[in-house]
Amino acid sequence: MRNTLPFAALLLAVAAPSFADESPKAQVQQVVDTFQASLKAKDAKALGDLFLPESKAWITTLGEPSFTNVKAKHPEVTRYKQGSWQEFTDFVGKAKGSVEERFHNVRIDTDGSVASVYFDFEFLMDGKVGNHGAETWQLVRTDNGWKIAAMLYSSNF
């Protein structure tokens, strides 16, 4: 019995998955999963921790039908606008109702140092789709794991 316990502990230690042993693609998928879970939980801090702190690249562009409709009412509107991950996490943290983003057709490409994530999405507020489109993230591998360096998405409503 005394020999069984150390062997079982060794077996568990060797068999236990660790982040360092996962492929870069699986690590990036964890960022995607954490993003969705943090958004749904309205955890602004956890969401913010996924971004490169100094990142400034956050761009929204209106899809053609949405742009045409908005432009007809507001001629001064531009097709795209710059934002920030800080504005987004602040919005999520202060949202009164439920917030969720559903991802479809997620594609991850990486060489182990940089990664690109591309997917179709639906953004929901209180269970209702507010907008949908395509979204792309650019990520970099840091000493603290993968971080989102840039986010661009189309918005159709």
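Count along the sequence shown starting at 1, add 1371, and that's the number in the numbering used here. Don't be surprised by glycine CBs; every beta carbon is placed ideally from N, CA and C.
Taking the DSSP output, what are the residues bridged to residue i?
i            : result
residue 1521 : 1428 and 1509
residue 1439 : Residue 1439 pairs with nothing; no bridge assigned.
residue 1526 : 1433
residue 1480 : 1487
residue 1495 : 1471 and 1500
residue 1453 : 1430
I need the DSSP call for residue i, collapsed to helix, strand or coil.
i            : result
residue 1423 : coil
residue 1472 : strand
residue 1386 : Unreliable placement is indicated for residue 1386, whose pLDDT of 41 sits below 50; the coordinate value is still reported in the next sentence. Three-state DSSP puts residue 1386 in a helix.
residue 1463 : helix
residue 1413 : coil
residue 1458 : helix
residue 1500 : strand
Leaving out the 5 sequence neighbours to the left and right, which residues in its chain are closer than 7 Å to residue i when beta-carbon positions are compared?
i            : result
residue 1479 : 1396, 1399, 1400, 1486 and 1488
Which residues in the same chain have their Cβ closer than 6 Å to the Cβ of residue i, if we skip the five residues on either side of it in sequence?
i            : result
residue 1525 : 1432, 1434, 1504 and 1505
residue 1517 : 1398, 1399, 1402 and 1510
message = Quick check: the stretch 1510-1517 against the stretch 1440-1453, are at least 3 beta-carbon pairs closer than 8 Å?
response = no
ask   = Counting pairs of Cβ atoms below 8 Å between the stretch 1413-1422 and the stretch 1464-1473, do you hit three or more?
value = yes
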